[in-house]
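Residue numbers (the numbering used here), protein chains in the order written: chain A, 1 to 250; chain B, 1 to 268.
Now the structure itself:
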């Protein structure tokens, strides 16, 4: 286990080191990509100067709103769909093929519907992430053993109590898997929309820097997005693993 | 000690199947009186509706016909106060530690915190789980998880305990020892126990009376009194009468078991 983690770290370090060497030797010219060490230094000074704090806050708050809607509505929809057998059977194939639809292509339509601003971006991000929550929550709800539901009845829980105290806690690790996907999808949705048509946010700043050959801004922002996304993913994974470990499922 | 605790009058259960197949007559008609404080076991071939019978008494299934009464009051599709159930499958909540698992049923009562804690402590003590109160079910063996489920039932101070093949998933030695624990619980709580099992020796060792069920639709075809003393333990298997009781059970059950597996030697 520990060896594997070390090996993984070594692969990443080696890859970054290789790029560093190629950049310094001039194989990759500075106009294409600055050396990783330079990118990190640029990122550091960018964060300290606070130049892009507004853009970062904008993107994060929009993604946060989309994520919040996806988690709350996604779980609620999953619980309802799970109880309505006919609806479930009708929707299952749609859920399964949902990610074949390039949601981002609806962006112009959403601008017509919601106007220019945060709403269409949040709509795209929510459309992308909510299905991951629904599908994974449904998967968890399907696995709740019948005996636990019978036990809930024996100790005289109401339907609502059984849902909150038995069904959802049982499905929680599966819900978390959905949330993990939803974090990534809501960031993709927001940043992707900012690229296309927007005047603020990290995506806009990356596109703006790209159009102005401003590598000292573009690469640090890309790295920042990576760090945020992977960091959040890591935190949820740790939570998920401790939960599974306690249940003897790891 | 001989008054009627649970009574079933002309009870039948028919399951309505949607689509092809129509209705399935699963059980009955059954007439049965459980005496207050007795240990009653039911044996029957697989698929005879034993578990349905237990669910009818528990109040989680409604009879299609007839009436089930607990302490003189009709059970109408809801679980009555004073009834506890232990199932064959592991019913521990994997996200709760042992103490919280045991306290699950106490949430709704108007009991004080101290009262709850002392009941949980007493149940932990009785089931030999004192050192495991903070453990999670995944850290326990199958037999210990089943003890947690029994303790969860005991904290509610049930007057009637229903056991649905509670040891079916355990190995033979553990089953014998768990049988002793159930006898001890039975003596200390003075509750009525209704046990469903497919193991003839288990029924013969534990019960005061044993009801034998027919193949589906299950009805009671015979009731056998064991005559064991109240302070018995698993060593009743050494007694000469034990073999006789098991043999009588098998004699009553053999034809029904052949029917249940669709054997050609089964008489119609």
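Heads up, the beta-carbon is just placed ideally off N, CA and C, and yes, glycines get one too.
Quantities reported herein were computed from a predicted structural model and do not represent experimental measurements.
Opposite residue 9 of chain B in the DSSP bridges: which residues? B:67
Three CB pairs or more closer than 8 Å across the region 41 to 55 of chain B and the region 209 to 227 of chain B: yes
Closer than 7 Å by beta-carbon distance: list the chain B residues that pair up with residue 151 of chain A, in chain order. 91
From the DSSP output, which residues share a beta bridge with residue 44 of chain B? Answer is none; residue 44 of chain B lacks a bridge partner.
Any idea what DSSP makes of residue 25 of chain B, helix, strand or coil? strand
What is the rounded straight-line gap between the Cα of residue 264 of chain B and the Cα of residue 101 of chain B? 48 Å
Could you please give me the residues that DSSP links to residue 105 of chain A through a beta bridge? Answer by DSSP bridge pairing: none, since residue 105 of chain A is not bridged.
Nearest to residue 87 of chain B by CA position, among B:253, B:236, B:147 and B:185, is which residue? B:147
Boundaries of the alpha helix (DSSP H) in which residue 87 of chain B is found, first to last residue: No alpha helix (DSSP H) contains residue 87 of chain B, which DSSP labels as neither H nor E.
Spatial neighbours of residue 232 of chain A within its chain, please: C-beta separation below 8 Å, excluding the five flanking residues on both sides. 183
Taking Cβ-Cβ distances shorter than 7 Å, what residues in chain A pair up with residue 79 of chain B? 153, 154 and 156
Would you please verify whether the beta carbon of residue 145 of chain A is less than 8 Å from any beta carbon of chain B? yes
Host beta strand (DSSP E) of residue 164 of chain B (start-end): 160 to 164
By the 9 Å beta-carbon criterion, what residues does the region 122 to 144 of chain A contribute toward chain B? none
Quick one: what does DSSP say residue 230 of chain A is sitting in, helix, strand or coil? helix
Cutoff 8 Å: residue 262 of chain B Cβ touching any chain A Cβ: no
Which residues, in order along the region 95 to 129 of chain B, keep a beta-carbon less than 7 Å from a beta-carbon of chain A? 95, 104, 105 and 108
Contact between the region 224 to 238 of chain B and the region 169 to 186 of chain B is defined here as three or more beta-carbon pairs at a separation below 8 Å; is this criterion met? yes
If we ignore side chains and look at the alpha-carbon of each, how far apart do residue 2 of chain A and residue 238 of chain A end up? 15 Å
I want to verify the contact list: residues of chain A whose CB lies under 7 Å from the CB of residue 85 of chain B, in sequence order. 154
Specify the secondary structure class of residue 105 of chain B as computed by DSSP and reduced to three states. helix
Within the region 124 to 167 of chain A, ranges of the alpha helix (DSSP H) (whole runs, at least 4 residues): 146 to 154 and 159 to 162
Residue 69 of chain A versus residue 185 of chain A - alpha carbon distance: 13 Å
I'd like to check one pair, residue 129 of chain B with residue 98 of chain B: are the Cβ atoms closer than 8 Å? yes
Just the Cα atoms here: how many angstroms apart are residue 48 of chain A and residue 7 of chain A? 33 Å
With a 10 Å radius around its C-beta and 16 neighbouring C-beta atoms as the bar for buried, classify residue 10 of chain A as buried or exposed. exposed
Kindly indicate if chain B contains any beta-carbon less than 8 Å away from that of residue 226 of chain A. no
Neighbourhood of residue 207 of chain B by C-beta distance below 7 Å, restricted to the same chain and skipping five residues each side: 39, 40, 41, 195 and 226
Would residue 78 of chain B and residue 66 of chain B qualify as a contact pair, given that the criterion is a beta-carbon distance under 8 Å? no
With 9 Å as the limit, tell me which residues of the region 46 to 63 of chain B have their beta carbon closer than that to any beta carbon of chain A; keep them in chain order. 55, 58, 59 and 60
Any beta strand (DSSP E) of 3 or more consecutive residues that is wholly inside the region 188 to 223 of chain B: 192 to 197 and 209 to 213
Residues of the region 222 to 247 of chain A whose Cβ lies closer than 8 Å to any Cβ of chain B, in chain order: 243, 246 and 247
On a CA-only basis, which of B:53, B:25, B:23 and B:26 is nearest residue 7 of chain B? Give me that one, please. B:53
Can you pull out the residues from the region 131 to 155 of chain B whose beta carbon lies closer than 9 Å to at least one beta carbon of chain A? 136, 137, 138, 139, 149, 152 and 153
Mind the definition here: the region 223 to 231 of chain A touches the region 147 to 163 of chain A only if three or more C-beta pairs lie below 8 Å; say whether that holds. no
Under a three-way DSSP split, which group does residue 118 of chain A fall into? helix
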